Amino acid sequence: MAVLLLVVRPWGLPVRAGRRPGRPAGRAGVEHATLSGRRGAGPAGTGREDGVPLRLGRHVVDDDETVVMAIVNRTPDSFYDKGATYAEGAALEAVARAVEEGAGIVDVGGVKAGPGAEVDAAEEIRRTASFVAAVRARHDVVVSVDTWRAEVGRAACLEGAELLNDAWGGHDPRLAEVAAEFGVGLVCTHTGGAAPRTRPHRVAYDDVMADVVARTTAEAERAVALGVPRESVLVDPGHDFGKSTRHSLEATRRLPELVATGWPVLVSLSRKDFVGEALDIAAPADRLVGTLAATSVSAWLGARVFRAHDVAATRQTLDMVASIAGTRPPAVARRGLA
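The working numbering numbers the first residue of the sequence shown as 1304 and each following residue consecutively.
So, in structure tokens, the structure goes:
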């Protein structure tokens, strides 16, 4: 989260940077582009202290930073935007806006997460692969592709994707092999074994967070064994996926258990059903306040990457949490001084 300074590296790339109290300003001999604002320590005993930096392609995220991952859906039937970024021109405009608002990662999706019209791999590739190249040509930002299919991941990596967001938790085990082949990052998501594009039905866990930790870390270790760089693997508790609302709420408040594994934690909270059911809000368009509340809690508890539709609001939320934590000074501090 963020002491919000504008730093210019020798090659002229502006980055957002800052540091936690008591930490050195940087690591000797390391020069890299950063993506994010700094995050602060949460309650005692939480957070990941002095871990390995997260590396995504050309970019490095230090262990005390947070990143906003902007959602750009190349789908005609997204649950939230209903196809607003299906057309390439509109999608490119959305990417430009997200980068301007502080996104460090752009996550491109070609298939609606929930039930809907069948989309085969060829169509998913058509929607995503060339778009990855278009984004890479225009912005110095990490490009991620949200897919569970190995063939889609391969096509995206050939066009320059630096992260594969496996939102369906290893359903296609070959996807991790693709990440290893290309040396790109991988998100290992918990779904409880749910099949892609299905809704949970009477799901039961003896201990939902124990299952989250066991499954995601097993997938992460498998990815590393296959050759995915350890510093490029993230874990995601998988809010809503294979879970009831009570499961997702419990996974949120017990997030420190996943953070404590040492794997960087990504959370995808934006306008999801667990937010809607917690507040009795049916329309995803009306779930921003609940989303930002969940974002604040997750940031305080140690999450690193925040997948979001609303980049500016998410970045401001993370910065405010950092200011409360004492790791980011007020942008303006005149009150009581005049």
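Ideal Cβ placement from N, Cα and C applies to all residues, glycine included. What you are looking at is a predicted structure, and each value in this text was computed from that prediction instead of being measured.
Next on the checklist: Taking the alpha helix (DSSP H) that Leu1569 belongs to, which residues open and close that run?
Outcome noted: From DSSP, Leu1569 is part of no alpha helix (DSSP H) but of the beta strand (DSSP E) over Leu1569 to Ser1571.
Checklist entry - Whose C-alpha, out of Val1531, Ser1573, Gly1530 and Arg1518, is nearest the C-alpha of His1542? => result Ser1573
Next on the checklist: Looking only at its chain, what residues have a beta carbon closer than 8 Å to the beta carbon of Glu1524, apart from the 5 residues adjacent to it on each side?
Outcome noted: Around Glu1524: no qualifying Cβ.
Next on the checklist: What does the alpha-carbon distance come out to for the pair Val1592 and Val1614?
Outcome noted: Rounded to whole angstroms, the separation of the alpha carbons of Val1614 and Val1592 is 14 Å.
Item to check | beta strand (DSSP E) segment containing Thr1289, residue limits | outcome: There is simply no residue 1289 to check, as the chain begins at 1304 and stops at 1641 in what is shown.
Checklist entry - Who are the near neighbours of Pro1633 in its chain, counting only those whose CB is closer than 7 Å to its CB and skipping five residues on each side? => result Ser1626
Next on the checklist: If you follow the alpha helix (DSSP H) that Arg1631 is in, where does it begin and where does it stop?
Outcome noted: Neither: Arg1631 is in no alpha helix (DSSP H) and is coded neither H nor E.
Checklist entry - Exposed or buried, which one is Val1635 when buried takes at least 16 other CB atoms within 10 Å? => result exposed
Checklist entry - Relative to the C-alpha of Gly1605, which residue among Leu1359, Asp1367 and Leu1357 is closest? => result Asp1367
Next on the checklist: If we require 4 or more residues per run, which alpha helix (DSSP H) segments fall completely within the segment 1568 to 1629?
Outcome noted: 1576 to 1582, 1591 to 1603 and 1614 to 1628
Checklist entry - The alpha helix (DSSP H) spanning Arg1430 covers which residue range? => result Ala1424 to Arg1441
Checklist entry - Among Pro1379, Arg1439, Glu1427 and Glu1421, which residue has its Cα nearest to the Cα of Ala1399? => result Arg1439
Item to check | Exposure label - Glu1403; buried when at least 16 CB within 10 Å | outcome: exposed
Checklist entry - Within the chosen definition, does the segment 1432 to 1447 reach the segment 1460 to 1468 through at least 3 CB pairs nearer than 8 Å? => result Because the criterion of three Cβ pairs below 8 Å is met, the segment 1432 to 1447 and the segment 1460 to 1468 touch.
Item to check | Extent of the continuous alpha helix (DSSP H) run through His1550 | outcome: Thr1548 to Arg1556 is the extent of the alpha helix (DSSP H) around His1550.
Item to check | DSSP state of Leu1359 mapped onto helix, strand, coil | outcome: strand
Checklist entry - Does the Cβ-Cβ distance between Leu1466 and Ser1447 come in under 9 Å? => result yes
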